[in-house]
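Visitor: Going by the UniProt record's numbering, 7 is the number at position 7 of the sequence shown; the sequence numbering is gapless.
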Amino acid sequence: MTRTYFEKLSQDYTQLLESGYDYNVIIEVGESSNNLFKAHSAILYQRSKYFQQKLTNATKKNNITEIRLPHLSTKAFSMIIKYIYSGIISLENFEVSEIFDLLIIVNEFMLVELVEYLQPTLRWNYSSWLYSNFSRVYHISFLNGNFLSLQNFCDDSLNKYPDKIINCDDFINLDEDALTTILMNDDIQTEEIEIWDKVIQWGKAKTPNLPSNLEEWTDENFKSLKSSLRNCLPHIKYFRFFKEDIPKIDPYRNILETYIWNDLVIKHLDPEMPIISPFSSIITMQHVAEISSWIDRRSTTYEISEIPYEFDLLLRGSRDGFSGETFHRLCDYIPGTVVIIKIHGTNEIVGGYNPLIWKVGDSNDEDAETTDSFIFSLKNENLSESILSRVNDPSMAIWYGEIDQGPWFSGYDFGINSKNSCCCNNNYNVPYAYEKLITSEDGCFSADEFEVFQICKLDKFDDETTCTVYMEH
1 MTRTYFEKLS QDYTQLLESG YDYNVIIEVG ESSNNLFKAH SAILYQRSKY FQQKLTNATK
61 KNNITEIRLP HLSTKAFSMI IKYIYSGIIS LENFEVSEIF DLLIIVNEFM LVELVEYLQP
121 TLRWNYSSWL YSNFSRVYHI SFLNGNFLSL QNFCDDSLNK YPDKIINCDD FINLDEDALT
181 TILMNDDIQT EEIEIWDKVI QWGKAKTPNL PSNLEEWTDE NFKSLKSSLR NCLPHIKYFR
241 FFKEDIPKID PYRNILETYI WNDLVIKHLD PEMPIISPFS SIITMQHVAE ISSWIDRRST
301 TYEISEIPYE FDLLLRGSRD GFSGETFHRL CDYIPGTVVI IKIHGTNEIV GGYNPLIWKV
361 GDSNDEDAET TDSFIFSLKN ENLSESILSR VNDPSMAIWY GEIDQGPWFS GYDFGINSKN
421 SCCCNNNYNV PYAYEKLITS EDGCFSADEF EVFQICKLDK FDDETTCTVY MEH
């Protein structure tokens, strides 16, 4: 028969710590040299890998090892050293903020069992504090792989409770990747103008040397703020702004792309009209009207207020990735799509419309027939200079390649290759299955941005949007 007396053992070791009998280690804690703890190297070495390293590298003075820990509070270290000796931890006199700090410290001391204990304690008993201080919690949690429970809390919170995070006390300190995750969440209930205000505050905090008075800002100040927000502004849902929000945005109009501000003004003048172009970081509402007119084979371009389609974003390269695998995962078997690409270095915009679906070729090399597809080049300054090139060999209009290939309009005229670059005029600078060239250059070019939209019919009478297969004429 075996009996254990762990409680008595714990009491004896606690008395040894308190008496300091036969100590051979002095630990100086905090900035003051008055906070000294007497300890025993054998116990420290056995109970903490942190102290194993400290004792191995420490120097002795009169056979006493001296260790300095100026970054720790006396309260926190008192609890830790007592735990090392007794195996007992009590959080009774600790504030929540102190418990979180304690988690960081016990992780430093490599006390794995306490790391595993304190995380769920914080998560399930003090979640309101974690939400209020989310920026710090998020930042600290992802600095170390040992904080998996808190990492899961942060991920769940960003996905399920973005409104709590947007209103946390330390929002301006939030990591950028966490902020963009919130902005991309379609379930957030906070008014978009409130989100805009928060994003502006966050951007200002990340931009040094900005005058406190907005009237004193220079063009360079606005450029600096725009640079700080370059990964956030594309994810603002501009279509959710109301007419009365425009004056609140106006002071910062210089950080917006011109087409976005123009669309907001149009929304201000005609509140019933949906803002379309902010769904794109490449094309404007004027481009949407132009492409919609080409789809319907109109001889004149739709007025913006008459656009009969909604462009539903399926893929954005800067957000989702440029690979062929990503394209097929997000866009395959969806009929009626427009591909838009912004070419690096020239700001040239090229694209194509496919009324059929996209898919991986059955034999990794397959053509699809349609008379309604077309490719194009868009102009920002003068829309009349845009190039429309309709298919003239319907049997080769769409090409389905391997999984690593992006969309292709014929195998030669225009597409995205397996190296994730835009290719045009691969038939020796001669049109292949389409009427004309859409660029003056041939070969492959890097893409600054890549977007794919599904074209959905907009019924303005019952305010519904439907996405359907576009049958050939």
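Idealized CB from N, CA, C, for every residue including glycine. None of the values given here were measured: they were computed from a predicted structure.
Count the other CB atoms within 10 Å of the CB of LEU9; is the residue buried (16 or more) or exposed (fewer)?
Guide: Stepping through the sequence shown from its first residue, residue 9 is reached at position 9. Counting Cβ neighbours within 10 Å, LEU9 comes out exposed, since fewer than 16 surround it.
Visitor: Any contact between the region 68-81 and the region 102-111? By contact I mean 3 or more CB pairs, one from each, below 8 angstroms.
Guide: yes
Visitor: Determine the DSSP secondary structure at ALA447, reduced to helix, strand or coil.
Guide: Locating residue 447 in the sequence shown gives position 447, where the first residue counts as 1. Of the three classes helix, strand and coil, the one that applies to ALA447 here is strand, per DSSP.
Visitor: Taking C-alpha atoms, which residue in PRO120, SER78, VAL112, THR258 lies nearest to ARG47?
Guide: Here residue 47 is taken as the residue at index 47 of the sequence shown, counted from 1. Taking only the C-alpha atoms, the option nearest ARG47 is VAL112.
Visitor: Alpha carbon to alpha carbon, how far is HIS40 from SER323?
Guide: One-based indexing of the sequence shown puts residue 40 at position 40. One-based indexing of the sequence shown puts residue 323 at position 323. Answer to the nearest angstrom: the Cα atoms are 59 angstroms apart.
Visitor: What are the boundary residues of the alpha helix (DSSP H) that GLU18 is part of?
Guide: Within the sequence shown, the letter at position 18 stands for residue 18. GLU18 -> alpha helix (DSSP H) spans 6-19.
Visitor: Assign MET1 to one of three DSSP states: helix, strand, or coil.
Guide: The residue you call residue 1 lines up with position 1 of the sequence shown. MET1 falls in the coil class under three-state DSSP.
Visitor: Measuring alpha carbon to alpha carbon, tell me which of LYS198, ASN133, SER227, SER90 ends up nearest LEU118.
Guide: Within the sequence shown, numbered from 1, the residue matching residue 118 stands at position 118. Its Cα nearest to that of LEU118, the residue SER90 stands out among LYS198, ASN133, SER227, SER90.
Visitor: Going by the beta-carbon positions, is the gap between LYS237 and ILE282 smaller than 8 angstroms?
Guide: In the sequence shown, the residue the question calls residue 237 occupies position 237. In the sequence shown, the residue the question calls residue 282 occupies position 282. Their beta carbons are not under 8 angstroms apart, which means LYS237 does not touch ILE282 by this criterion.
Visitor: Please state if the CB of GLY352 and the CB of PHE327 are separated by a distance shorter than 8 angstroms.
Guide: As a first step, residue 327 is located in the sequence shown; it is residue number 327 there, counting from the start. As a first step, residue 352 is located in the sequence shown; it is residue number 352 there, counting from the start. Not in contact: PHE327 and GLY352 (Cβ atoms no closer than 8 angstroms).
Visitor: So LYS359 packs on TYR400, CB below 8 angstroms; how close in whole Å?
Guide: Translated into the one-based positions of the sequence shown, residue 359 becomes position 359. Translated into the one-based positions of the sequence shown, residue 400 becomes position 400. Right, their Cβ atoms sit about 6 angstroms apart.
Visitor: According to DSSP, is VAL360 part of a helix, a strand, or is it coil?
Guide: The residue labelled residue 360 in the question sits at position 360 within the sequence shown. Looking at VAL360 - three-state DSSP - the assignment turns out to be coil, as it is neither helix nor strand.
Visitor: Do ALA397 and SER389 count as a contact pair if the criterion is CB distance below 8 angstroms?
Guide: Working through the sequence shown from its first residue, we reach residue 389 at position 389. Working through the sequence shown from its first residue, we reach residue 397 at position 397. No, the pair does not count as a contact, with Cβ atoms beyond the cut-off.
Visitor: Going by C-alpha to C-alpha distance, which of LEU114, ASN231, PRO251 sits closest to THR218?
Guide: Here residue 218 refers to the residue found at position 218 when the sequence shown is read from its first residue. Taking only the C-alpha atoms, the option nearest THR218 is PRO251.
Visitor: Pull up the distance between the alpha-carbon of ASN133 and that of PHE171, whole angstroms please.
Guide: Sequence index remark: in the sequence shown, residue 133 carries index 133 (1-based). Sequence index remark: in the sequence shown, residue 171 carries index 171 (1-based). In this model, ASN133 and PHE171 are separated by some 8 angstroms (Cα to Cα).
Visitor: Since VAL137 is in the alpha helix (DSSP H), which residue starts that stretch and which ends it?
Guide: Along the sequence shown, read from residue 1 onward, the residue named residue 137 stands at position 137. Taken as a continuous stretch (DSSP letters only), the alpha helix (DSSP H) holding VAL137 covers 134-141.
Visitor: Express the C-alpha separation of ASP393 and GLU472 in angstroms, rounding to a whole number.
Guide: The sequence position of residue 472 within the sequence shown is 472, counting from 1. The sequence position of residue 393 within the sequence shown is 393, counting from 1. With a pLDDT of 39 at GLU472, under the threshold of 50, the predicted position of this residue should be treated as unreliable, and no value is reported.
Visitor: So is PHE51 buried or exposed if we call it buried at 16+ other beta carbons inside 10 Å?
Guide: Counting from 1 along the sequence shown, the entry for residue 51 is found at position 51. Counting Cβ neighbours within 10 Å, PHE51 comes out buried, since at least 16 surround it.
Visitor: Give the DSSP-derived three-state secondary structure of ILE276 in the structure shown.
Guide: Here the question's residue 276 lines up with position 276 in the sequence shown. Residue placement at ILE276 is poorly supported in this model, since its pLDDT is 46, which falls under 50; the coordinates are not used for a value here.
Visitor: So for GLU92, helix, strand or coil by DSSP?
Guide: Locating residue 92 in the sequence shown gives position 92, counting from the first residue. In the structure shown, GLU92 sits in coil (DSSP, three-state: anything other than H, G, I, E or B).
Visitor: For SER338 and VAL115, what's the separation of their Cα atoms in angstroms?
Guide: Translated into positions along the sequence shown, residue 338 becomes position 338. Translated into positions along the sequence shown, residue 115 becomes position 115. Note that residue 338 is Val in the sequence shown, not Ser. Distance between the alpha carbons of VAL338 and VAL115 is about 51 angstroms.
Visitor: Just reading off the alpha helix (DSSP H) that ILE249 is part of, what are its end residues?
Guide: Position 249 of the sequence shown holds residue 249. Segment 246-249, the alpha helix (DSSP H) holding ILE249.
Visitor: If you pair each beta-carbon of the region 118-130 with each one of the region 144-151, do three or more pairs fall below 8 angstroms?
Guide: yes
Visitor: Which residues mark the beginning and the end of the alpha helix (DSSP H) in which PHE77 is found?
Guide: The residue you call residue 77 lines up with position 77 of the sequence shown. Run containing PHE77: 74-86, per the alpha helix (DSSP H) assignment.
Visitor: If we require 4 or more residues per run, which alpha helix (DSSP H) segments fall completely within the region 203-227?
Guide: Listed in chain order, there is nothing to give.
Visitor: Let me confirm a value: TRP124 is counted as buried when at least 16 other C-beta atoms fall within 10 Å, else exposed. Which label applies?
Guide: One-based indexing of the sequence shown puts residue 124 at position 124. Here TRP124 is exposed. Its C-beta has fewer than 16 other C-beta atoms within 10 Å.
Visitor: Who are ASN354's beta bridge partners in DSSP?
Guide: Looking up residue 354 in the sequence shown gives position 354. Bridge partners of ASN354 according to DSSP: THR337.
Visitor: Relative to the C-alpha of residue 489, which residue among THR370, VAL350, SER363 is closest?
Guide: Nothing can be reported for residue 489, as the shown portion of the chain is limited to 1 through 473.
Visitor: Taking the alpha carbon of GLU290 as the point to measure from, which residue in ILE387, ASP365, ARG240 has its own alpha carbon closest?
Guide: Translated into the one-based positions of the sequence shown, residue 290 becomes position 290. When only C-alpha atoms are compared, the closest one is ILE387.
Visitor: Let me confirm a value: GLN405 is counted as buried when at least 16 other C-beta atoms fall within 10 Å, else exposed. Which label applies?
Guide: As a first step, residue 405 must be located in the sequence shown, where it is residue number 405. Buried.
Visitor: Can you list, in chain order, the residues of its chain whose CB lies under 8 angstroms from that of ILE276, leaving out five sequence neighbours each side?
Guide: In the sequence shown, the residue the question calls residue 276 occupies position 276. In this prediction, ILE276 has a pLDDT of 46, which is less than 50 and means its spatial position is unreliable; nothing more can be read from the coordinates.
Visitor: Ordered along the chain, which non-local residues of its own chain (more than five positions away) have a Cβ less than 7 angstroms from that of TRP129?
Guide: Your numbering for residue 129 matches position 129 in the sequence shown. Excluding residues within five positions, the ones whose Cβ falls inside 7 angstroms are VAL96.
Visitor: Do VAL25 and LEU69 have their C-beta atoms within less than 8 angstroms of each other?
Guide: Position 25 of the sequence shown, counting from 1, holds the residue named residue 25. Position 69 of the sequence shown, counting from 1, holds the residue named residue 69. Result no, Cβ atoms of VAL25 and LEU69 do not sit closer than 8 angstroms.
Visitor: In terms of residue numbering, what span does the beta strand (DSSP E) encompassing LEU233 cover?
Guide: Position 233 of the sequence shown, counted from the start, is the residue given in the question as residue 233. According to the DSSP assignment, LEU233 belongs to no beta strand (DSSP E), since it is labelled neither H nor E.
Visitor: By Cβ distance below 8 angstroms, which residues in the same chain neighbour SER212 in space, the five residues on each side in sequence not counted?
Guide: Residue 212 sits at position 212 when you count from the first residue of the sequence shown. Closer than 8 angstroms at the Cβ level, and outside the excluded window around SER212, lies no residue.
Visitor: Could you tell me which residues DSSP pairs with PHE376 in its beta bridges?
Guide: Stepping through the sequence shown from its first residue, residue 376 is reached at position 376. PHE376 is bridged to GLY351, LEU388.
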